[in-house]
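Going by the working numbering, the sequence shown opens with residue 3, and the numbers climb by one from there. No residue lacks a Cβ here, since even glycine has one placed at the ideal position from N, Cα and C. Remember, it's a predicted structure, so these values are computed and weren't measured experimentally. For reference, the structure discussed in these notes is given below.
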Amino acid sequence: MTTIKEVRVPDIGNYTGVEVIEVGVKNGASVKAEDSLITLETEKASMDVPSPFNGTIKEMKIKLGDKVSQGDLIALVEVEEKAQEEVSKEEQAQPQSVVSEKEKAKPQEPAATKTVPSAPSPSLETVTVPDTGAAKEVEVIEVAVKPGDIVKQEDTLITLESEKASMDIPSPYQGKIESVLIKVGDKVSQGDKIVTMHVAMQPKVEETKEVVTEPAAKVQAQPSKEVPKSISRESVTVHDFSNVHAGPATRRMARELGVDLRQVKGTGLRNRIVTKDVQAFVKSIMQGAPQGAGSGLQIEKVPEIDFSQFGEVEVKPLSRIKKWTAKNLYRNWVTIPHVTQFDEADITELEIFRQENKQAAEEHGTKLTPLPFIIMACVSALKTYPQFNASLASNGQDVVFKKYINIGVAVDTPNGLVVPVIKNADTKSLFEIAKELGDLGVLAREGKLKGEQMQGNCFTISSLGSVGGTAFTPIINSPDVAILGVSKVQIKPIFMNEQFVPRKMLPLSLSYDHRVIDGVEGAKFAAHIAAQLQDIRKLLL
Ligand code: CAO
Numbered sequence: 003m004t005t006i007k008e009v010r011v012p013d014i015g016n017y018t019g020v021e022v023i024e025v026g027v028k029n030g031a032s033v034k035a036e037d038s039l040i041t042l043e044t045e046k047a048s049m050d051v052p053s054p055f056n057g058t059i060k061e062m063k064i065k066l067g068d069k070v071s072q073g074d075l076i077a078l079v080e081v082e083e084k085a086q087e088e089v090s091k092e093e094q095a096q097p098q099s100v101v102s103e104k105e106k107a108k109p110q111e112p113a114a115t116k117t118v119p120s121a122p123s124p125s126l127e128t129v130t131v132p133d134t135g136a137a138k139e140v141e142v143i144e145v146a147v148k149p150g151d152i153v154k155q156e157d158t159l160i161t162l163e164s165e166k167a168s169m170d171i172p173s174p175y176q177g178k179i180e181s182v183l184i185k186v187g188d189k190v191s192q193g194d195k196i197v198t199m200h201v202a203m204q205p206k207v208e209e210t211k212e213v214v215t216e217p218a219a220k221v222q223a224q225p226s227k228e229v230p231k232s233i234s235r236e237s238v239t240v241h242d243f244s245n246v247h248a249g250p251a252t253r254r255m256a257r258e259l260g261v262d263l264r265q266v267k268g269t270g271l272r273n274r275i276v277t278k279d280v281q282a283f284v285k286s287i288m289q290g291a292p293q294g295a296g297s298g299l300q301i302e303k304v305p306e307i308d309f310s311q312f313g314e315v316e317v318k319p320l321s322r323i324k325k326w327t328a329k330n331l332y333r334n335w336v337t338i339p340h341v342t343q344f345d346e347a348d349i350t351e352l353e354i355f356r357q358e359n360k361q362a363a364e365e366h367g368t369k370l371t372p373l374p375f376i377i378m379a380c381v382s383a384l385k386t387y388p389q390f391n392a393s394l395a396s397n398g399q400d401v402v403f404k405k406y407i408n409i410g411v412a413v414d415t416p417n418g419l420v421v422p423v424i425k426n427a428d429t430k431s432l433f434e435i436a437k438e439l440g441d442l443g444v445l446a447r448e449g450k451l452k453g454e455q456m457q458g459n460c461f462t463i464s465s466l467g468s469v470g471g472t473a474f475t476p477i478i479n480s481p482d483v484a485i486l487g488v489s490k491v492q493i494k495p496i497f498m499n500e501q502f503v504p505r506k507m508l509p510l511s512l513s514y515d516h517r518v519i520d521g522v523e524g525a526k527f528a529a530h531i532a533a534q535l536q537d538i539r540k541l542l543l
């Protein structure tokens, strides 16, 4: 017998609104007790939240970038009663570590540790390991400074890793490192010396700053199990670092530099990726080394301009959706070699048929626009050219061919662009597609789309036909390998039967990933869509 159990964010000390930096599982995934569900990251520590049960993920309630606090619902897990009993027995045998009431009472948000004497500057200070709240003998997995380095207050000096968490130990001072008294692999405890440093400027307030305290939750810094990557609009936004073994400082550096950590080879203990690996990766890219799929670098920051010097301005934040979209579009634009193939379809006959059947469509409770026909033509093209119904695997070497056909349709909403998905479009009739399209469009504009309605697309259509334009170059919605842009129908003089005749021409713009699709294939795919639309009887074949 199975029951549905809730997994909630455990006691993570006094942290609230902690960012979810990884989602290790997706709906339907089997998990064992202790498998990581999500990874949280504060400024100072990253921590995995493991499943307390063996079972199957019924529904993930959290996504990348969410901010969570104790008690927030992470997932619903379908649990076999028997499996649960076994886990309970294991739990009894191995009680979880808990943080004492005293530790819980401490403010959790970190920083270094020392009582700062109000000595006249400059002075030579020794920085020691603070009370990490963890057991003694915690391993040093990264040393971020060397003699002569200038560090700012709060810069990471070393990273420690216990069984449950990795944590950065920041400098309590601004100054110059005189000597480093610790090396990678050392086991340290509270009070052990880390560095001596010439302190240029003392912190203004004489105080004992709070320590990095291991969160009370069962937290782990070990890499979580690899899970199948969901191929969806949502996964497009997810940096799946589930198989990455790296500490907070390294992750932070990677984020700042726009480095995809999955592409970086770790040289630290147990192949952990350390900051120097990220630096070496960046250097190799700058020197022209080839990159794997999906990686990329922030090229250069746009200079900050004070626009108010030219006239009145008003600053408004981008919507949440637009922020996500901006990141994804940017990544897709710089990492995928796009080629856009233009074509046009003579839809004169289609339009006659559509007008004749508008009434019938209304009787089916839907509206018949050119888009459902275009979707059916794309289904036919995807069946004929399966390399378009595919994704490049993250190793950049394999292509994942999909045996299902889900079509995403870009919908502009007041909050930004969303891509609801018509699932198994190859099994649906014209009216069914039209109805689903209309319903999804309404839900999208009302901001009521559910996560699963935006997941699993294989190919995307962006139609600006109702707006205008003659052509455009759509950006591929990775992990798709192609996207079809549709512009406004125009009546054009087409030379037929020895004379020019007015025909309704539909402009098509097919962008494809040139790593997966050859130019000839791109041209054939676009031509296939055009041919299907020109003679819609072919859609029946
Ligand atoms: N050329 C000329 N007219 C077109 C056309 C084209 N390529 N495509 C659609 N039209 C017409 C439709 O026939 C309809 O006219 P009638 O009401 O006279 O039949 C009108 O434009 C409006 O269509 P629509 O936008 O309601 O419907 P759609 O099936 O084309 O689009 C959907 C469906 C979900 C995309 C839509 O609801 C929507 O959001 N459209 C706005 C455009 C948009 O957001 N596109 C995404 C752009 S971002 O990449």
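Excluding the 5 residues preceding and the 5 following residue i in the sequence, name in chain order all residues of the same chain whose CB lies nearer than 8 angstroms to its CB.
{"i": "T475", "result": "H340, T342, G487, S511, S513"}
{"i": "P422", "result": "G410, V411, V413, L442, G443, L445, A446, L451, Q455, M456"}
{"i": "V381", "result": "I407, I409, A427, D428"}
{"i": "I493", "result": "P504, R505, K506, M507"}
{"i": "G178", "result": "As written in the sequence, residue 178 is Lys, which differs from the Gly given in the question. So the list reads G150, D151, I152, V153, M199, H200, A202, once near-sequence residues are dropped."}
{"i": "L126", "result": "E180, T198, M199, H200, V201"}
{"i": "D139", "result": "As written in the sequence, residue 139 is Glu, which differs from the Asp given in the question. Cβ within range, chain order: K189, V190, S191."}
Apart from the five residues just before and just after residue i, which ones in its own chain have a Cβ nearer than 7 angstroms to its Cβ?
{"i": "V402", "result": "A392, S393, A395"}
{"i": "V9", "result": "L39, S53, P54, I76, A77, V79"}
{"i": "A533", "result": "K540"}
{"i": "V131", "result": "I171, V190, S191, Q192, G193, D194, I196"}
{"i": "K267", "result": "D279"}
{"i": "T368", "result": "F433, A436, K437, G440"}
{"i": "V147", "result": "V153, L159, I179, V182, V197"}
So is the beta-carbon of residue i under 7 angstroms away from any non-hydrogen atom of ligand 1?
{"i": "G418", "result": "no"}
{"i": "K34", "result": "no"}
{"i": "P372", "result": "yes"}
{"i": "K324", "result": "no"}
{"i": "K425", "result": "no"}
{"i": "S321", "result": "no"}
{"i": "S464", "result": "yes"}
{"i": "D414", "result": "yes"}
{"i": "V261", "result": "no"}
{"i": "S468", "result": "yes"}
{"i": "G367", "result": "no"}
{"i": "G443", "result": "yes"}
{"i": "V381", "result": "no"}
{"i": "L352", "result": "no"}
{"i": "K185", "result": "no"}
{"i": "L439", "result": "yes"}
Grab me the residues of residue i's own chain with a C-beta within less than 6 angstroms of its C-beta, minus the 5 sequence neighbours each way, in chain order.
{"i": "T472", "result": "S489, P509"}
Would DSSP call residue i helix, strand or coil?
{"i": "A533", "result": "helix"}
{"i": "D345", "result": "strand"}
{"i": "E139", "result": "coil"}
{"i": "P205", "result": "With a pLDDT of 45 at P205, under the threshold of 50, the modelled position of this residue cannot be trusted, and the question is left open."}
{"i": "A395", "result": "coil"}
{"i": "N273", "result": "helix"}
{"i": "F461", "result": "strand"}
{"i": "N16", "result": "strand"}
{"i": "G410", "result": "strand"}
{"i": "T198", "result": "strand"}
{"i": "R517", "result": "coil"}
{"i": "K7", "result": "strand"}
{"i": "E544", "result": "Nothing can be reported for residue 544, as the shown portion of the chain is limited to 3 through 543."}
{"i": "E156", "result": "coil"}
{"i": "T350", "result": "helix"}
{"i": "G57", "result": "strand"}
{"i": "E523", "result": "helix"}
{"i": "D50", "result": "strand"}
Which residues mark the beginning and the end of the beta strand (DSSP E) in which residue i is found?
{"i": "V483", "result": "Where V483 is concerned, there is no enclosing beta strand (DSSP E), given that its DSSP letter is neither H nor E."}
{"i": "S382", "result": "Counting along the chain, S382 falls outside any beta strand (DSSP E), though it belongs to the alpha helix (DSSP H) covering 372-386."}
{"i": "P305", "result": "From DSSP, P305 is part of no beta strand (DSSP E); its letter is neither H nor E."}
{"i": "T130", "result": "125-130"}
{"i": "T472", "result": "Looking at the DSSP string, T472 is not in any beta strand (DSSP E), and its letter there is neither H nor E."}
Starting from residue i, follow the alpha helix (DSSP H) in both directions and report where the run begins and ends.
{"i": "Y332", "result": "322-337"}
{"i": "I435", "result": "432-447"}
{"i": "P250", "result": "250-259"}
If we define contact as Cβ-Cβ less than 8 angstroms, is residue i a contact residue for chain C?
{"i": "G260", "result": "Annotation note: the requested chain C is absent from the structure, which comprises a single protein chain."}
Does the pairing of the region 272-286 with the region 348-355 give three or more beta-carbon distances under 8 angstroms? Output reads no: the region 348-355 does not touch the region 272-286.
Looking at C-beta atoms only, is the number of pairs between the region 52-67 and the region 17-35 that lie closer than 8 angstroms three or more? Yes: at least three Cβ pairs fall under 8 angstroms.
Are the region 323-340 and the region 519-539 in contact at 8 angstroms, needing three or more beta carbon pairs? Taking 8 angstroms as the limit for Cβ pairs, the verdict is that the region 519-539 does not touch the region 323-340.
Is the number of C-beta pairs between the region 451-463 and the region 491-502 that are closer than 8 angstroms three or more? With contact defined as three or more Cβ pairs closer than 8 angstroms, the region 451-463 and the region 491-502 are not in contact.
Please determine if the region 13-21 and the region 65-72 are in contact, where contact requires at least 3 C-beta pairs separated by less than 8 angstroms. Yes, the region 13-21 touches the region 65-72.
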